Amino acid sequence: MFLAIEWTSAAFHAFLFAADGTLLGQRQEARGVNHITDGAFETALREIVGDWGAEAGCIYLSGMITSRNGWVETPYAQAPASLTDIAARTVVRHIDGLAPLVFLPGISVHDPLPDMMRGEELKVFGAMGRNGGLVALPGAHTKWVAVKDGRIEQFATYMSGEITALLKSTSLVGKLIPAQSADNPEAFLRGVRLARDRRIGGEILRRIFSARSLVLFEELSPADISDYLSGLMIGAEINEVIGEYNLPDKHVTLIGAPALCQRYSLALLEAGLTSTVADNAGRAGFRALCLVHS
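123 is the number that my numbering gives to position 97 of the sequence shown; each next residue is one higher, with no gaps.
Right, here's the structure in full:
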């Protein structure tokens with residue numbers, strides 16, 4: 027058996043696999059790296075995985091637990107990178123009463139700008155296998171990843187989610203947003219379409235203030251500002267991606283929370299692109315990596 031752990035900033039998720047890759051069980055808690063004080067990672071690991079920690083032949087750890095803010099910092103594998111490249115750059119630690127701890131590297135890229143990921147790469151490999159294409163992992167810091175023949179060739183991080191949250195919570199634009207409002211897909215799509223409207227000059231910075239001005243001229247309901255802003259930002263993000271990446275099949279694989287992936291699917295469709303959502307990508311990636319490493 028082997029144990030695979032995705033330990034992010036916010037959460038802990040463990041998968042127990044049989045030697046042949048069959049999933050035997052899983053445990054998870056909202057006890058991410060940021061919740062561990064005084065570097066007590068070993069204590070948290072033992073508490074959460076219990077008897078699995080000694081029964082497994084090996085324990086794989088991925089995510090922010092392998093960063094400089096985590097337990098053991100691992101070097102990045104340089105893109106282009108495959109599962110084999112990741113397996114070759116692991117860092118192993120031995121602790122009494124636990125199976126060997128194998129800390130996995132993330133992946134980095136340096137041209138045209140430095141960028142990195144820790145944990146997302148396994149989800150990408152799990153979703154794509156030996157296939158190629160463009161993958162998006164929506165979130166506060168959305169990753170867009172180009173895959174070819176089972177290797178991560180290129181990727182970039184877009185902070186659209188975090189910037190949108192800041193606009194809604196602390197900006198002049200967000201001051202008119204009511205405390206409670208229902209989701210409005212049409213308001214979201216209105217923002218997406220405006221982001222793509224080339225009759226208007228400039229890019230996203232030219233358009234953000236419309237979330238306020240449209241309300242002041244009673245052309246947008248205050249209750250729709252939040253969805254409209256989300257549409258603007260995601261639409262602008264997709265425009266940038268289309269300008270940077272080659273999309274011969276006009277298709278994107280999405281990995282992430284269902285509701286957010288649904289929004290990206292709608293925005294991609296407006297841009298003339300199709301999409302599918304990959305289920306259990308992280309689990310599949312761990313299974314593939316563990317089998318390669320073993």
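C-beta: ideal position from N, C-alpha, C; glycine also.
In this text, all values refer to a predicted model and were calculated from it rather than measured experimentally.
Can you tell me whether DSSP reads residue i as helix, strand or coil?
| i | result |
| --- | --- |
| Ala36 | coil |
| Met185 | coil |
| Gly227 | coil |
| Val98 | coil |
| Ser301 | strand |
| Arg115 | coil |
| Asp46 | coil |
| Met27 | coil |
| Asp253 | helix |
| Thr196 | helix |
| Ile264 | helix |
| Asp178 | Looking at the sequence provided, one finds Ile at residue 178 rather than Asp. It is a strand residue. |
How long is the line joining the alpha carbons of residue i and residue j, rounded to whole angstroms?
| i | j | result |
| --- | --- | --- |
| Gly155 | Leu242 | 50 Å |
| Trp33 | Thr302 | 26 Å |
| Met142 | Arg94 | 13 Å |
| Ser35 | Glu266 | 27 Å |
| Leu258 | Arg219 | 8 Å |
| Thr110 | Gly308 | 17 Å |
| Gly165 | Gln52 | 23 Å |
| Thr92 | Val118 | 11 Å |
| Arg238 | Leu215 | 17 Å |
| Leu49 | Leu202 | 48 Å |
| Phe312 | Ala30 | 6 Å |
| Tyr184 | Tyr290 | 13 Å |
| Leu336 | Thr168 | Nothing can be reported for residue 336: it is not among the residues displayed for the chain, which extend from 27 to 320. |
| Pro211 | Val173 | 31 Å |
| Val150 | Trp170 | 10 Å |
With a 10 Å radius around its C-beta and 16 neighbouring C-beta atoms as the bar for buried, classify residue i as buried or exposed.
| i | result |
| --- | --- |
| Ala283 | exposed |
| Pro131 | buried |
| Gly123 | exposed |
| Phe235 | exposed |
| Gln180 | buried |
| Asp250 | buried |
| His39 | buried |
| Asp108 | Residue identity check: residue 108 is Ser in the sequence provided, not Asp. Answer is buried; the Cβ neighbour count reaches 16. |
| Ala66 | exposed |
| Ala103 | buried |
| Gly227 | exposed |
| Leu299 | buried |
| Asp46 | exposed |
| Leu280 | buried |
| Asp253 | buried |
| Thr100 | buried |
Span of the beta strand (DSSP E) holding residue i?
| i | result |
| --- | --- |
| Glu55 | 49–55 |
| Ser236 | Element bounds for Ser236: not the beta strand (DSSP E) but the alpha helix (DSSP H), 236–242. |
| Ser108 | Element bounds for Ser108: n/a, residue is neither H nor E. |
| Thr92 | No beta strand (DSSP E) holds Thr92; DSSP gives it neither H nor E. |
| Ile133 | 133–135 |
How would you write the range of the alpha helix (DSSP H) that residue i sits in, first residue to last?
| i | result |
| --- | --- |
| Ser291 | 284–296 |
| Leu315 | 307–319 |
| Gly152 | 146–154 |
| Thr63 | Where Thr63 is concerned, there is no enclosing alpha helix (DSSP H), given that its DSSP letter is neither H nor E. |
Which one or two residues does DSSP pair with residue i in a beta bridge?
| i | result |
| --- | --- |
| Gly159 | Val173 |
| Thr279 | Val161, Thr302 |
| Leu127 | Ile85, Arg119 |
| Asp209 | DSSP, once it has assigned bridges, lists no residue as partnering Asp209. |
| Thr168 | Tyr184 |
| Asp141 | Val135 |
| Phe214 | The partner list for Phe214 (beta bridge, DSSP) is empty, contrary to what the question assumes. |
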